[in-house]
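Residue numbers (UniProt numbering), protein chains in the order written: chain A, 1 to 345; chain B, 1 to 373.
From the three backbone atoms N, C-alpha and C, an ideal C-beta is built for every residue, glycine too.
Here is the structure we will look at, set down as structure tokens.
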């Protein structure tokens with residue numbers, strides 16, 4: 001059996017379906033195109049609802065196990081043009097234009113575990129836990145809420161072949177983070193989307209819900225981001241800090257364009273999160289600094305010392321589209337674009 | 001009974017995922033002491049192959065502003081792998097990696113007491129200092145009340161619980177059993193357990209460990225206990241006096257010997273050490289809990305098998321003294337002695353360092369000597 005996934009942004013709902021093959025397929029080019037009813041996924045009208053699923057990346061299935069597969073797909077409209085929320089197709093084109101620079105990404109996906117009642121998992125039903133402080137990287141039943149999900153997700157991703165490189169408990173209780181990377185080019189978006197699918201599916205098995213909302217609880221509780229680490233071959237080599245600083249200058253001139261690219265609502269979601277408090281920068285101002293978690297861009301201290309490495313863009317929201325985020329970074333830093341709109345190549 | 005929501009998640013579901021093969025990738029959980037000097041923090045990194053020695057583990061960093069260790073504007077702190085153990089939760093080939101913490105300028109963090117302990121232990125290697133620490137702790141529900149106690153009252157008075165058996169005497173043995181096995185698997189030098197005088201209070205012992213190993217093994221044993229309790233949905237407390245009144249406190253009695261003390265006629269060296277300790281009581285009291293003696297002040301009352309915090313005393317087989325010489329040691333004229341003053345929430349690096357400074361490096365006075373490297 002195979003499970004076909006399509007990505008679909010507005011409410012980050014996933015839809016998937018499977019069908020059986022009567023014989024084993026050994027190699028990925030054997031995956032056929034498929035289609036689905038777009039009028040049931042906020043993507044088409046009922047009168048003209050067929051949309052196409054184009055297999056893009058294949059992973060081992062950690063739920064059904066070998067030889068079964070997960071297949072991440074691009075969506076095309078009836079006229080073969082990309083669906084509105086298919087941001088992969090332009091990301092792929094932009095990545096191919098800069099392949100010789102070997103752009104690497106690492107994305108730190110934060111998320112909150114909720115009960116089916118919408119309340120954060122483990123929180124008292126009619127109140128709040130004690131204030132933030134003891135929970136970040138914490139251990140103990142009074143500090144870590146829902147570690148089983150994290151452990152199961154980590155193993156499932158390793159099995160599937162997703163490039164998961166770490167996990168930690170986050171500042172708000174019931175909030176966690178996993179990191180995917182380093183991934184080159186289009187792989188970043190592919191691996192992160194599949195890691196998110198696996199997380200939803202693991203939470204479903206446990207009877208809880210994963211939320212990527214950037215500010216699930218208002219007030220003195222941390223939001224959820226998707227800090228994006230970025231480097232090119234030049235930045236990773238000796239003296240690469242200069243290329244990093246040049247990139248940050250370009251980003252400094254294009255703040256609004258990036259803010260629009262960094263959540264699925266053109267910045268409205270992030271406006272609830274990027275307040276300048278809780279280790280965020282203010283959404284209206286661009287800033288950068290070494291080891292500064294209150295800045296838009298943070299240069300890790302070791303990078304400042306070794307004069308080469310990577311930098312961290314802390315602006316993307318937890319519910320961002322990684323294709324949109326990585327494409328924006330390439331356009332501004334490597335293709336040297338300026339102004340409010342992306343260039344049409 | 002107040003157990004956590006997490007503990008009620010399906011363990012059968014979790015087991016299915018934990019059985020998935022992980023290929024060549026290895027999970028390394030880095031563990032460190034936070035800014036309180038008592039709390040432990042952890043996060044995990046994927047490695048491309050199994051580390052064979054500590055040198056195979058890369059340095060890392062973390063956000064110290066979230067662990068009471070630095071400001072947000074300059075928050076990076078370094079994690080330096082110090083000791084590696086097998087991971088009893090994720091199992092082989094995965095690892096637990098206990099780390100030292102360095103500030104942004106590469107100096108040790110305020111609560112990194114391992115660095116100076118290692119230096120001191122390095123100066124007295126020829127004495128082969130051995131330690132055994134008796135870690136007492138209390139199991140609490142998520143409501144903060146001792147586990148198994150009536151929610152709006154108290155159990156019967158102390159007497160039947162110490163080393164007890166039976167549902168009316170032993171509260172939470174599953175945690176103790178699970179912790180013991182996990183420590184053995186991990187490679188922690190756990191040498192025993194017993195139920196303690198207060199119900200829901202237990203003890204495990206780690207040792208004999210030589211030099212820096214004592215602190216390493218005890219901190220990792222504590223981490224494993226926190227993590228085991230998390231799985232069961234309860235909380236472990238190392239508070240030295242969790243319930244005020246006629247209920248025992250929790251200590252970390254520290255047994256100590258050198259090669260000389262363990263050899264024939266060693267009792268003389270033991271007595272000399274005790275004389276030195278008697279002259280430096282306040283320095284040791286300050287080193288024996290994370291608040292310079294304030295925590296222990298609630299515990300060391302002179303009742304409940306403790307000595308009074310204001311007085312130093314020593315005696316053979318005397319559990320009301322600061323230092324107890326076991327009766328067998330008094331008879332065989334050699335062996336070790338037990339310092340009963342350290343609090344359950346002490347830092348074992350600081351405790352073992354203080355004992356070595358006073359007894360072996362023969363320091364005197366209120367402040368530790370600064371030795372140039």
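Sorting B:264, B:311 and B:257 by C-alpha distance to the C-alpha of residue 283 of chain B places B:311 at the top. Runs of the beta strand (DSSP E) lying entirely within the segment 200 to 261 of chain A, each at least 3 residues long, are 209 to 211 and 226 to 231 in chain order. In this structure, A:246 is the residue among A:239, A:246 and A:163 with its C-alpha nearest to the C-alpha of residue 297 of chain A.
Taking C-alpha positions only, residue 340 of chain A is separated from residue 256 of chain A by approximately 7 angstroms.
Within the same chain, 87 and 261 come within 7 angstroms of residue 324 of chain A by CB-CB distance, once the 5 residues on both sides are set aside. A buried status is given to residue 202 of chain A, since no fewer than 16 other beta-carbon atoms sit within 10 Å of its beta-carbon. Taking each of B:371, B:257 and B:369 in turn and checking the Cα distance to residue 324 of chain B, the smallest one comes out for B:257. Taken in chain order, the unbroken stretches of beta strand (DSSP E) that lie wholly in the segment 291 to 329 of chain A and span 3 residues or more are 297 to 299 and 311 to 313. Remark: fewer than three beta-carbon pairs, one from each stretch, lie closer than 8 angstroms, so the segment 128 to 138 of chain A and the segment 1 to 9 of chain B are not flagged as touching. Ranked by Cα distance from residue 58 of chain A, the options A:153, A:101, A:149 and A:161 are led by A:161.
Scanning chain A for C-beta atoms nearer than 8 angstroms to the C-beta of residue 57 of chain B yields nothing, as the closest lies near 14 angstroms away. The DSSP assignment places 76 to 86 and 95 to 102 as complete runs of the beta strand (DSSP E) inside the segment 76 to 109 of chain B, in order along the chain (cut-off: 3 residues).
In this model, residue 70 of chain B and residue 235 of chain A are separated by some 28 angstroms (Cα to Cα). Proximity of the segment 82 to 94 of chain B to the segment 325 to 345 of chain B falls short of the contact definition, fewer than three beta-carbon pairs being nearer than 8 angstroms.
Chain B places a beta carbon closer than 7 angstroms to that of residue 158 of chain A, counting this residue as a contact.
292, 293, 294, 300, 301 and 302: these are the residues of the segment 292 to 305 of chain A whose beta carbon lies less than 8 angstroms from some beta carbon of chain B, given in chain order.
With respect to the C-alpha of residue 270 of chain B, the residue from B:219, B:185 and B:332 having the closest C-alpha is B:332.
In this structure, A:314 is the residue among A:314, A:271 and A:113 with its C-alpha nearest to the C-alpha of residue 292 of chain A.
In this structure, residue 205 of chain A places its C-beta atom within 7 angstroms of the C-beta atom of residue 13 of chain B.
Of A:273, A:274, A:277 and A:311, the smallest CA-CA separation from residue 289 of chain A is found for A:311. Using beta-carbon distances, residue 50 of chain B does not count as an interface residue toward chain A, since no partner is under 7 angstroms. With contacts defined by Cβ atoms closer than 7 angstroms, residue 106 of chain A and residue 225 of chain A do not form a contacting pair.
The C-beta of residue 212 of chain A comes no closer than 7 angstroms to any C-beta of chain B.
Residue environment: residue 163 of chain B is assigned as exposed (fewer than 16 neighbouring CB atoms within 10 Å of its CB, all protein chains considered). Along the segment 163 to 194 of chain A, the positions whose C-beta sits under 8 angstroms from a C-beta of chain B are 164, 165, 166, 167, 168, 169 and 171, read in chain order.
Residues of chain B whose Cβ lies closer than 7 angstroms to the Cβ of residue 121 of chain A are, in chain order, 5. Burial is judged here by how many other beta carbons sit within 10 angstroms of a residue's own beta carbon; residue 157 of chain B has fewer than 16 and is exposed.
If you draw a straight line from the Cα of residue 302 of chain A to the Cα of residue 61 of chain B, it comes to about 9 angstroms. When the Cα atoms are used, residue 101 of chain A and residue 107 of chain B turn out to be separated by approximately 37 angstroms.
Under the DSSP assignment, residue 324 of chain B falls in the beta strand (DSSP E) whose first and last residues are 323 to 325. In its chain, beyond the 5 residues on either side, 175, 178, 179 and 182 have a beta carbon closer than 7 angstroms to the beta carbon of residue 228 of chain B.
With a beta-carbon spacing of about 6 angstroms, residue 159 of chain A and residue 60 of chain A fall inside the 8 angstroms limit used to define contacts.
The alpha-carbon of residue 144 of chain B is positioned some 12 angstroms away from that of residue 239 of chain B. The three-state secondary structure of residue 74 of chain B, taken from DSSP, is helix. Nearest CB-CB separation between residue 137 of chain A and chain B: below the 7 angstroms threshold. Here residue 270 of chain A is buried: its Cβ has 16 or more other Cβ atoms, across all protein chains shown, within 10 Å.
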